[in-house]
Amino acid sequence: MSDTFDADGITLERVRDYVWEIEQAESEGMNVPARVLASEALLEEIKEDDSLEQIRNVTHLPGIQQYALCMPDAHQGYGFPVGGVAAIDAENGCISPGGVGFDINCGVRMVKTNLTYDDVEGREEELVDALFEAVPSGLGGGGVVDGDAETIEGILERGMDWALEEGYAVREDLHHCEDEGYRPDADPSAVSKKAKDRGMNQIGSLGSGNHFLEVQRVTDVFDDEVADAYGLEAEQIVVLIHCGSRGLGHQVCSDYLRRIEDEHPDFLKSLPDKNLAAAPAGSELAEEYYGAMCAAINFAWVNRQLIMYQTRQVFEDVFEAPWEDLGMELLYDVAHNIAKKEVHEIDGEEKEVYVHRKGATRAFPAGHPEVPSAYRGVGQPVIIPGSMGAGSYVLRGGSESMATTFGSTAHGAGRLMSRTQAKQEFWGGDVQEELREENAIYVKAQSGATIAEEAPGVYKDVDEVIEVSDSLDIGDKVVRTYPVCNIKG
DNA sequence: ATGTCC
Numbered sequence: 001m002s003d004t005f006d007a008d009g010i011t012l013e014r015v016r017d018y019v020w021e022i023e024q025a026e027s028e029g030m031n032v033p034a035r036v037l038a039s040e041a042l043l044e045e046i047k048e049d050d051s052l053e054q055i056r057n058v059t060h061l062p063g064i065q066q067y068a069l070c071m072p073d074a075h076q077g078y079g080f081p082v083g084g085v086a087a088i089d090a091e092n093g094c095i096s097p098g099g100v101g102f103d104i105n106c107g108v109r110m111v112k113t114n115l116t117y118d119d120v121e122g123r124e125e126e127l128v129d130a131l132f133e134a135v136p137s138g139l140g141g142g143g144v145v146d147g148d149a150e151t152i153e154g155i156l157e158r159g160m161d162w163a164l165e166e167g168y169a170v171r172e173d174l175h176h177c178e179d180e181g182y183r184p185d186a187d188p189s190a191v192s193k194k195a196k197d198r199g200m201n202q203i204g205s206l207g208s209g210n211h212f213l214e215v216q217r218v219t220d221v222f223d224d225e226v227a228d229a230y231g232l233e234a235e236q237i238v239v240l241i242h243c244g245s246r247g248l249g250h251q252v253c254s255d256y257l258r259r260i261e262d263e264h265p266d267f268l269k270s271l272p273d274k275n276l277a278a279a280p281a282g283s284e285l286a287e288e289y290y291g292a293m294c295a296a297i298n299f300a301w302v303n304r305q306l307i308m309y310q311t312r313q314v315f316e317d318v319f320e321a322p323w324e325d326l327g328m329e330l331l332y333d334v335a336h337n338i339a340k341k342e343v344h345e346i347d348g349e350e351k352e353v354y355v356h357r358k359g360a361t362r363a364f365p366a367g368h369p370e371v372p373s374a375y376r377g378v379g380q381p382v383i384i385p386g387s388m389g390a391g392s393y394v395l396r397g398g399s400e401s402m403a404t405t406f407g408s409t410a411h412g413a414g415r416l417m418s419r420t421q422a423k424q425e426f427w428g429g430d431v432q433e434e435l436r437e438e439n440a441i442y443v444k445a446q447s448g449a450t451i452a453e454e455a456p457g458v459y460k461d462v463d464e465v466i467e468v469s470d471s472l473d474i475g476d477k478v479v480r481t482y483p484v485c486n487i488k489g
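When we follow UniProt numbering, the leftmost residue of the first sequence carries the number 1, and every step to the right adds one.
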């Protein structure tokens with residue numbers, strides 16, 4: 001077992017199993033070291049793109065605490081790597097839109113059912129067609145709800161509370177959502193009219209890219225006690241919904257990147273990559289971005305709620321029973337592109353930090369006060385989608401997450417290649433046919449190109465990613481699922 | 001991710 005890993009000019013030292021460190025070079029402007037949580041096999045893949053340079057650049061941000069982190073699914077992104085975690089002093093540091101990502105509150109929710117695979121097998125096409133019909137997907141406009149200006153304000157201001165008031169949610173849905181589906185710091189007045197206009201006709205829509213709705217079956221139970229607390233068991237049918245804040249969140253990110261360039265040019269010039277653009281903590285711009293981002297977070301939660309609402313209707317039609325009788329409770333909804341003010345113990349003292357999780361999932365452990373009461377005894381559910389050919393995992397927040405990763409773990413399998421490269425390697429129709437004939441997985445998409453971009457071979461091995469999380473006790477395996485049918489943009 | 005460039 002070697003103690004260093006040479007990644008083409010960047011040297012990583014092994015701290016312990018699955019923990020690698022890029023030493024802090026103060027002369028180069030690094031404020032802290034960088035850490036990468038990965039097996040050697042994953043590190044071999046991670047080193048092939050710019051992730052390691054990017055995470056080293058992140059350590060230059062003023063006020064960053066302890067170390068910048070790459071989760072095991074890391075790949076290169078815009079400024080920050082996707083799969084990046086950075087905790088930055090909320091008083092004397094900064095907040096970075098690039099550390100959140102364009103798709104603010106991209107995230108995942110899992111809906112349970114009391115159906116088993118036997119109930120669905122042979123009816124996949126009927127189900128996938130009905131879901132495709134009921135859930136708007138693809139680029140551009142068209143949502144479940146036709147919004148006006150007042151609707152948008154309500155959603156941005158109140159998040160899932162809006163959905164409850166309007167009859168799209170039941171109270172229990174809010175309890176099974178990170179932050180109860182509502183960020184009180186949201187400031188709709190900090191969201192541009194252009195962003196609101198883009199969101200207006202996208203309320204309740206999947207979007208494109210890696211976003212999808214997938215019916216799955218539970219294939220493996222790793223922890224009986226926690227699975228029982230979550231209400232999950234072998235052969236059970238569940239539904240996974242993966243999407244974000246659509247054009248609205250994208251526009252918020254673009255607007256504030258532009259304003260940082262205009263209003264803080266000197267600060268920007270001091271950073272190694274202009275795509276790391278950050279607003280100094282305490283500045284008016286930092287407050288406005290935080291308020292706008294929180295509003296976009298609320299929008300994304302309503303978006304996933306409306307897609308779940310439609311899913312419940314579809315199951316009622318197809319399986320001819322009220323959704324309550326079908327056991328279609330929300331297990332949990334997690335955000336994986338987000339920055340939040342949180343208090344963490346750092347060097348023995350409690351400190352308020354902006355925890356940036358860009359392609360990383362909150363993974364709070366048992367006993368944490370922010371874990372909903374139903375799950376507080378075992379830790380929060382962490383939902384990690386794999387590719388449409390691999391299946392997904394439910395983890396529980398692990399005992400070491402607070403000490404190791406500011407309460408975070410991975411968010412997916414992580415890409416192995418760019419979308420452009422994926423389209424050269426795969427053809428959508430072939431991928432779709434192979435999944436159906438060899439794996440009995442029914443995929444329906446607006447665009448063949450999207451299927452190629454999201455082909456299973458485009459992703460890292462989700463089992464390997466989860467092994468790292470489980471071994472480090474930051475997110476522990478509870479159940480694994482396998483796809484039944486999938487709709488996407 | 002995204003009305004894949006204002």
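For each residue, glycine too, the CB sits at the ideal point set by N, CA and C.
The beta carbon of L127 sits closer than 7 Å to those of V120, V215, V318, C485, all from its chain and outside the five residues before and after it, given in chain order. Secondary structure of A445 (DSSP, three-state): strand.
The bridge partners DSSP lists for V238 are K112, Q216. Note on geometry: alpha-carbon atoms of R35 and E23 lie some 9 Å from one another.
When secondary structure is reduced to three states using DSSP, R376 falls in the coil class, being assigned neither helix nor strand. If you draw a straight line from the Cα of V145 to the Cα of E166, it is about 11 Å long.
In this structure, G244 and I203 do not form a Cβ contact; the two beta carbons are roughly 13 Å apart against a cut-off of 8 Å. Only buried fits V314, as 16 or more other CB atoms lie within 10 angstroms of its CB.
In the three-state reduction of the DSSP assignment, Y18 falls in the coil class, being assigned neither a helical nor a strand state. In terms of Cβ geometry, V85 and S471 do not form a close pair [threshold 7 Å].
With fewer than 16 other Cβ atoms inside 10 Å of its own Cβ, R16 counts as exposed.
The shortest CA-to-CA distance from I155 to any of E464, G181, A90 is the one to G181.
K488 is positioned such that its CB atom lies no closer than 7 Å to that of G414. Between C294 and A186, the C-beta gap is smaller than 7 Å, which places the two residues in contact. Counting C-beta atoms within 10 angstroms of its own C-beta, K477 has 16 or more neighbours from the protein chains shown and is therefore classed as buried.
Where I338 is concerned, the enclosing beta strand (DSSP E) starts and stops at 337-346. By the neighbour-count criterion, in which a residue is buried when 16 or more other Cβ atoms sit within 10 angstroms of its Cβ, P72 is buried. Judged by beta-carbon spacing, Y393 lies beyond the 7 Å limit of A90, meaning their Cβ atoms are not closer than that value. For R480, the three-state secondary structure derived from DSSP is strand. For the set R198, K47, G397, the Cα lying nearest the Cα of L139 is the one of R198. Here T11 is exposed: its Cβ has fewer than 16 other Cβ atoms, across all protein chains shown, within 10 Å. Counting only runs of at least 4 residues, the segment 279-352 fully encloses the following alpha helix (DSSP H) elements, listed from N- to C-terminal order: 284-319. With a beta-carbon spacing of about 14 Å, G359 and G475 fall beyond the 8 Å limit used to define contacts.
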